[in-house]
Amino acid sequence: MAVPQLTKSISRNNFYAYLWHAIFLALAGNFMDVDTIIPSMIIDAGGNSFHIGLLTAIMLGGSSFMQIVFSPYLNNKPEKKGYLILAILLRVAALLGLGILLFFFSQNEEFGSALLLIFLLITLFSLSGAFAAISYTDILGKSMFEDKRKSFFSLRQALMSIGVFISAILAAKMLKSFNYPLNYGALFITAGVSLAIATLGFWRVKEVRSPIVKLSKLKDYFTTLKKEISSNARLKGYLLLVNTMGISLALLPFLMLYSKQHFNIGNEQVGQYLIFKVSAGVIAGLLVFYFSKKVKYKLMLYAIALMALFVPLHLLAFGSQQAFAIYFFIGGLIFTFYKVAMEGILLEVSSNENRAIYAGLSGAGHIVPALFPIAGGWIIHAYGFEAFFVVFITIILISFYFVRNLDCRK
Numbered sequence: 002m003a004v005p006q007l008t009k010s011i012s013r014n015n016f017y018a019y020l021w022h023a024i025f026l027a028l029a030g031n032f033m034d035v036d037t038i039i040p041s042m043i044i045d046a047g048g049n050s051f052h053i054g055l056l057t058a059i060m061l062g063g064s065s066f067m068q069i070v071f072s073p074y075l076n077n078k079p080e081k082k083g084y085l086i087l088a089i090l091l092r093v094a095a096l097l098g099l100g101i102l103l104f105f106f107s108q109n110e111e112f113g114s115a116l117l118l119i120f121l122l123i124t125l126f127s128l129s130g131a132f133a134a135i136s137y138t139d140i141l142g143k144s145m146f147e148d149k150r151k152s153f154f155s156l157r158q159a160l161m162s163i164g165v166f167i168s169a170i171l172a173a174k175m176l177k178s179f180n181y182p183l184n185y186g187a188l189f190i191t192a193g194v195s196l197a198i199a200t201l202g203f204w205r206v207k208e209v210r211s212p213i214v215k216l217s218k219l220k221d222y223f224t225t226l227k228k229e230i231s232s233n234a235r236l237k238g239y240l241l242l243v244n245t246m247g248i249s250l251a252l253l254p255f256l257m258l259y260s261k262q263h264f265n266i267g268n269e270q271v272g273q274y275l276i277f278k279v280s281a282g283v284i285a286g287l288l289v290f291y292f293s294k295k296v297k298y299k300l301m302l303y304a305i306a307l308m309a310l311f312v313p314l315h316l317l318a319f320g321s322q323q324a325f326a327i328y329f330f331i332g333g334l335i336f337t338f339y340k341v342a343m344e345g346i347l348l349e350v351s352s353n354e355n356r357a358i359y360a361g362l363s364g365a366g367h368i369v370p371a372l373f374p375i376a377g378g379w380i381i382h383a384y385g386f387e388a389f390f391v392v393f394i395t396i397i398l399i400s401f402y403f404v405r406n407l408d409c410r411k
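Structure representation (structure tokens):
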């Protein structure tokens, strides 16, 4: 049952309830890491560049794009807590299903059918995440005071980074302790249990009821979207930015593919890459938390773009296996800065009345990040990694223009 208005005690309660979820989500995160664990599993199962591209598109871009399907329905619901919990439980079921499947799957079984089931469960996990993201953002925006949000994002990232670091060590150990596919099965079951515990935080949330812009038809929704984009220049700038800089999150799975194909790395190296990536997240999270009142989102965005350029340029110039640990470290920095900056900017350009609409539009706005991994997998198959890196670098260079023109005050 939603409460009528936000108070200090409710805001404080929700602050810590969201942190509970963040901590256990962090513990679950590395057991299902989209940049290392899952691509490595797909490659070990016989997947190629197309499979990596499709998987990355589903987990990074496609899940966000699907928010436009869920947004009109959720926008008309003044209370979204129940939908948030339902979506998280579906994610738990998908992870447990993956774990059970891999425990009973052997390499002697038919590759196509096993891979198909893996993709279906990952798709369920990703789509339910898109469904949850809208409710998560809406409840957070209206159930926590604005002056507490930046501190929350920063503290959340710091705590998540520490939790993720702990789980990274455990995940790396589990990868080496069991043979394929039992090692991945154990990882996913552990992730499912951790995510189930994280859900308990949302049961504690006290949602605040707020006015909504009710949409009676799907046509009304698209009319509202068009109106918001045309009338809100800050929203337009945000969408242009995510459609360029957003591809920076899709680089690491392809680096994993490159490393597997060119250097034939094993589970030990995969675990090391994961630890380097997570270590960067810990450092970045602590830095953002410490400097949360001094560092503006624009500075984070410029840092993301520069780091995203460095990795492929350095790889093209040197191509050393020893540098890959550094690449994944940089990837961890990029992910942390991007997540903090983009969530903060979205809350800044939206209001309580339209936040669910904007969350859906934000997801649907990830058109290029949704398509880029698929195109990238095809480019690598047809023309090689060099052509892929050239396209990646070009899009990141374009993002500098949109960062400069972004109207962001914080």
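Going letter by letter, the sequence shown gives residues 2 to 411 in our numbering.
From the three backbone atoms N, C-alpha and C, an ideal C-beta is built for every residue, glycine too.
- Under the DSSP assignment, His-22 falls in the alpha helix (DSSP H) whose first and last residues are 9 to 30.
- When the Cα atoms are used, Ser-249 and Ile-39 turn out to be separated by approximately 18 Å.
- In this structure, the alpha-carbon of Gln-270 lies about 13 Å from that of Ile-327.
- Remark: C-beta atoms of Ile-380 and Val-392 approach each other more closely than 8 Å.
- Out of Ile-230, His-22 and Ile-397, the CA that lies nearest to the CA of Phe-153 is found in His-22.
- In terms of CA proximity to Val-312, Phe-255 leads the group Phe-255, Val-243 and Gly-47.
- With a 10 Å radius around the Cβ and a threshold of 16 neighbouring Cβ atoms, Gly-130 comes out buried.
- Here Leu-252 really is in contact with Gly-332; their C-beta atoms are around 7 Å apart, less than 8 Å.
- DSSP, reduced to helix, strand and coil, places Val-209 within a strand of the structure shown.
- Its chain contains Ile-24, Ala-27 and Leu-28 as the residues whose beta carbon lies nearer than 7 Å to that of Gly-164, once the 5 sequence neighbours on both sides are disregarded; these appear in chain order.
- Here DSSP, grouped into helix, strand and coil, assigns Leu-256 to helix.
- For Lys-297, the three-state secondary structure derived from DSSP is coil.
- Using a Cβ-Cβ distance cut-off of 8 Å, the stretch 167 to 185 and the stretch 315 to 327 are not in contact, since fewer than three pairs of beta carbons, one from each stretch, lie closer than that value.
- Distance from the CA atom of Gly-100 to the CA atom of Leu-188, rounded to whole angstroms, is 7 Å.
- Just so you know, the alpha carbons of Ile-375 and Ala-58 end up roughly 6 Å apart.
- Short of 7 Å from the beta carbon of Met-175, and not among the five residues preceding or following it, lie these beta carbons of its own chain, in chain order: Asn-184, Ala-187 and Leu-188.
- From the listed residues Val-93, Thr-224 and Asp-45, the smallest Cα separation to Gln-262 is found for Asp-45.
- Straight-line measurement puts the Cα of Ile-346 at about 20 Å from the Cα of Thr-225.
- Here Leu-103 has Pro-182, Tyr-185 and Gly-186 as same chain residues with Cβ atoms under 6 Å from its own Cβ, once five neighbours each way along the sequence are excluded.
- Beyond the five residues adjoining it in sequence on each side, Leu-334 comes within less than 7 Å, by CB distance, of Ala-281, Ala-285 and Met-308 in the same chain, given in chain order.
- In this structure, Leu-407 lies near Gly-238, with their beta-carbon atoms less than 8 Å apart.
- By the neighbour-count definition (other C-beta atoms within 10 Å, threshold 16), Tyr-291 is an exposed residue.
- Per DSSP, the unbroken alpha helix (DSSP H) holding Met-42 starts and ends at 38 to 45.
- In terms of Cα proximity to Ile-11, the closest of Val-209, Arg-150, Met-60 and Ala-115 is Val-209.
- Secondary structure of Asp-139 (DSSP, three-state): helix.
- Taken through DSSP and simplified to helix, strand or coil, Thr-57 comes out as helix.
- Within the stretch 315 to 397, no complete beta strand (DSSP E) segment of 3 residues or longer occurs.
- For Lys-278, the enclosing alpha helix (DSSP H) has its first and last residue at 268 to 291.
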